[in-house]
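A.B. asks: Mind looking over this structure? Questions follow.
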Amino acid sequence: CDIGAYEFTTVVIDFNGLAAENGASAVFLLNGTYGSDGVNFDFYIPNYIPGASPYLGSDYLRVETHPAGADTLLNFTVAMESVSVNYLNIGAAPAVLTAYNDFNDAADNVFAGTVVDQATSNSNGILAVSGSCILSVQIETGGFDYIIDDLTFTPMVGPDSDNDGLVDQCDN
19 CDIGAYEFTT VVIDFNGLAA ENGASAVFLL NGTYGSDGVN FDFYIPNYIP
69 GASPYLGSDY LRVETHPAGA DTLLNFTVAM ESVSVNYLNI GAAPAVLTAY
119 NDFNDAADNV FAGTVVDQAT SNSNGILAVS GSCILSVQIE TGGFDYIIDD
169 LTFTPMVGPD SDNDGLVDQC DN
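In this note's numbering, the protein residues as written are 19 to 190.
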């Protein structure tokens with residue numbers, strides 16, 4: 019029964035069982051595998067260089083950093099109330115997870131919307147953000163590269179009277 023409301027459950031992506039891929043092929047595989055879960059992966063890949071970051075395999079996602087764009091950017095098809103990621107920094111600290119209330123592009127490095135929440139850590143572990151109307155998150159580090167695993171996100175629940183994919187609370 020469609021009542022014009024979203025009632026999704028928490029999604030956990032563990033990256034287990036994915037084929038070893040890198041660069042644009044990895045992005046294509048991630049979005050083809052997890053797009054139906056409501057997430058779109060985007061990475062700064064200069065000219066989509068073959069052999070470039072991100073790297074899939076061994077049940078995690080490894081990302082190289084780049085100052086010209088967002089290292090990892092996730093856009094969601096519906097508004098989230100919380101997002102967390104198991105983060106392993108194999109370079110230098112800090113690790114930063116920033117949530118925005120608008121969609122963004124990794125190659126842009128100029129972010130739309132306002133910051134809903136931000137988590138920073140100088141050690142490995144879970145980075146988590148929460149708040150209303152999270153539509154994208156950016157994962158960054160001060161180091162050369164990092165590994166993420168067990169990405170978890172929980173959609174907001176509520177009425178969507180205009181059926182645009184956003185609960186009414188998030189409509190502008």
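The beta carbon of each residue, even a glycine, is placed where N, CA and C say it ideally should be.
Is the distance from the Cβ of residue 83 to the Cβ of residue 159 below 7 Å?
C.D. replies: yes
A.B. asks: Helix, strand or coil for residue 20 per DSSP?
C.D. replies: Note that residue 20 has pLDDT 44, beneath the 50 cutoff, so the model's placement of it is unreliable and the number below is only indicative. Coil.
A.B. asks: Could you have a look at residue 186 and say whether DSSP puts it in helix, strand or coil?
C.D. replies: helix
A.B. asks: Does the separation of the CB atoms of residue 115 and residue 137 fall below 7 Å?
C.D. replies: yes
A.B. asks: One question on the structure: do residue 81 and residue 59 come within less than 7 Å of each other, judged by their Cβ atoms?
C.D. replies: no
A.B. asks: Between which two residues does the alpha helix (DSSP H) carrying residue 41 extend?
C.D. replies: 41-52
A.B. asks: Could you tell me the distance, in whole angstroms, from the CA atom of residue 75 to the CA atom of residue 38?
C.D. replies: 4 Å
A.B. asks: Can you tell me whether residue 196 is buried or exposed? The criterion is at least 16 other CB atoms within 10 Å of its CB, across all chains shown.
C.D. replies: Residue 196 lies beyond the residue range present for the chain, which begins at 19 and ends at 190; the question has no answer from this structure.
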